[in-house]
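Counting from 1, position 339 in the sequence shown corresponds to residue 428 in the numbering used here; the numbering is continuous, with no gaps.
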Amino acid sequence: TEPLDVERIRRDFPVLEREFDGTPLVYLDNAATSQTPEPVIDSITDYYRRYNANVHRGLHQLSQEASIAYEEAHDRVAEFIGASGGREEIVFTKNTTESMNTVAYAWGLANLEPGDEVVLTEMEHHASLVTWQQLAKKTGAEVKYIQVDDEGYLDMDHARELITDDTAMVSVVHVSNTLGTINPVSDLADLAHDHDSLIFVDGAQSVPHMSVDVEAIDADFFAFSGHKMCGPTGVGVLYGKRHLLEEMQPYLYGGMMISKVTFEDSTWHDLPWKFEAGTPVISQGIALAEACDYLDEIGMDRVEQHGERLAEYAYERLSEFDDVDILGPPGDDRAALVSFNLDTVHAHDVSEILNSHGVAVRAGDHCTQPLHDKLGIPASTRASFYIYNTQEEVDVMVEALADARELFA
Ligand code: PMP
90 TEPLDVERIR RDFPVLEREF DGTPLVYLDN AATSQTPEPV IDSITDYYRR YNANVHRGLH
150 QLSQEASIAY EEAHDRVAEF IGASGGREEI VFTKNTTESM NTVAYAWGLA NLEPGDEVVL
210 TEMEHHASLV TWQQLAKKTG AEVKYIQVDD EGYLDMDHAR ELITDDTAMV SVVHVSNTLG
270 TINPVSDLAD LAHDHDSLIF VDGAQSVPHM SVDVEAIDAD FFAFSGHKMC GPTGVGVLYG
330 KRHLLEEMQP YLYGGMMISK VTFEDSTWHD LPWKFEAGTP VISQGIALAE ACDYLDEIGM
390 DRVEQHGERL AEYAYERLSE FDDVDILGPP GDDRAALVSF NLDTVHAHDV SEILNSHGVA
450 VRAGDHCTQP LHDKLGIPAS TRASFYIYNT QEEVDVMVEA LADARELFA
């Protein structure tokens, strides 16, 4: 695969021109939110300049233009993740978290009962962990966690033990936002289906970074966020197999999601609109489709290769130091991020020092508190990469760590 022309890509991202007192921005917090390229920014301004209108109901020209663009955005996103059912299998939400809650409430509340088990992993993001944990409390279902081994991989023997005929839902993170582990979601889907369980895959960290085919994985539900894949904030995606979405009752009620309403009762609109109550995320959804075009033009294989090479490089550079502990799998087998700790400096202090060098990283538990507890650490520093990052930027980060040692040791 041809390497990326990073210098050309960088010119598409105006924010990368920022400097702080002459120090250039080194943006390594992409797992939290990626930056936005001109074509996506243009898509948003074009919407507000030319055809801002509410969708679905207006018969006037602007509303028709907005409706067509918004509906076609669902088809574009379906294509991006290999959902052959098109728009009917793609619900636009606010983010991954809302997609997760939609399934928990629309499917889980109706289907889970005492005796049922929901199998998660110890590396779940709070979006999945807290949602299923609380839903289990409401329904009397029990949550079980597939263990993470010492290297940061899922213990698949333990997965085979935990997933049984009592399992009603397996909910797994595709790529860990803390460890960088890429989980064998298709094997887990087979395991789940062997026991008549459904599987929900949290693709918040996979869809931005690799070519994803939800049908090849055989996921029943799949979720991700626009703002981590060059798209805007305020839009997420819930993919669901058509027959499941058809069987499910809506979780939010109101306008747009109905077919016929009387004082006594209501019926629901077609998929996916039945799950998009009220005025939806119009400009954000349209801009997300533009982000899919942008990434596809670069080529998801090259996006993946670039991110993984940077992560491997960062892993190698950080491994040069005895006082650095790196979380998760080896450098040549991880997604585009590296979380680490310095022996003697708290992650928050590390990130503060890095910030003074223009380097944006994340410090904390990355919404995986139970995983950090298990690892016996209060926090970690995470550097996460995307298409516009360079090896030189990794070097800036690694060299700035010397300052942290000096100041805090
Ligand atoms: N799951 C994973 C693996 C994530 O990395 C994130 C974002 N940190 C989420 C879920 C939640 O995404 P959002 O905040 O967009 O709902």
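Every residue, glycine too, gets a C-beta built ideally from N, C-alpha and C.
Check, Outcome
"If contact is defined by three or more beta carbon pairs under 8 Å, each pair taking one atom from either stretch, is the stretch 308-316 in contact with the stretch 228-236?", "no"
"Drop a sphere of 10 angstroms on the beta-carbon of Gly-111, count the other beta-carbons inside from all chains shown, and report buried for 16 or more, exposed for fewer.", "exposed"
"Determine whether the beta carbon atoms of Asn-184 and Ser-473 lie at a separation below 8 Å.", "no"
"Report yes or no: do the stretch 192-206 and the stretch 386-398 share at least 3 C-beta pairs separated by less than 8 Å?", "no"
"So which of Ser-152, Met-389, Gln-150 has the shortest CA-CA distance to Pro-92?", "Met-389"
"What I want to know is whether the C-beta of Thr-191 ends up closer than 7 Å to one or more non-hydrogen atoms of the ligand PMP.", "no"
"Determine contact between the stretch 367-386 and the stretch 316-324, defined as no fewer than three beta-carbon pairs at a distance below 8 Å.", "yes"
"Might you give, ordered along the chain, the residues of its own chain that have their beta carbon closer than 7 Å to the beta carbon of Arg-165, omitting 5 neighbours on each side?", "Ala-378, Cys-381"
"Could you check whether Tyr-194 and Tyr-328 sit closer than 8 Å to each other, using their CB atoms as the reference points?", "no"
"Nearest-angstrom Cα distance between Gly-174 and Arg-494?", "54 Å"
"Compute the beta-carbon to beta-carbon distance between Ile-252 and Leu-280, rounded to the nearest angstrom, for a pair I have assumed lies under 8 Å.", "5 Å"
"Nearest-angstrom Cα distance between Cys-456 and Met-346?", "32 Å"
"Please state whether DSSP places Arg-451 in a helix, a strand or coil.", "strand"
"Closer than 7 Å to a non-hydrogen atom of the ligand PMP - does that hold for the CB of Ser-428?", "no"
"Please report the distance separating the alpha-carbon of Leu-69 from that of Glu-187.", "Residue coverage of the chain in this structure runs from 90 to 498, which leaves residue 69 outside it and unanswerable."
"Specify, as a first and last residue, the run of the alpha helix (DSSP H) that Arg-100 falls within.", "95-100"
"Could you tell me the alpha carbon to alpha carbon distance between Asp-411 and Leu-464, rounded to whole angstroms?", "19 Å"
"To the nearest angstrom, how far is the alpha carbon of Thr-210 from that of Gly-269?", "14 Å"
"Buried or exposed: which applies to His-332, given that a residue is buried once 16 or more other Cβ atoms fall within 10 Å of its Cβ?", "exposed"
"Between the beta-carbon of Val-434 and the beta-carbon of Phe-497, is there less than 8 Å?", "yes"
"If I follow the unbroken beta strand (DSSP E) through Ala-305, where does it start and stop?", "Premise fails: Ala-305 lies in the alpha helix (DSSP H), 303-306, not in any beta strand (DSSP E)."
"Just to confirm, does His-214 get its C-beta within under 7 Å of one of the non-hydrogen atoms of the ligand PMP?", "yes"
"On a Cα-Cα basis, can you pick out the residue from Ala-424, Tyr-402, Ile-466 that is closest to His-437?", "Ile-466"
"Apart from the five residues on each side of it in sequence, which residues of its chain come closer than 7 Å, Cβ to Cβ, to Phe-313?", "Thr-185, Gly-292, Ala-293, Val-296, Gly-325, Val-326"
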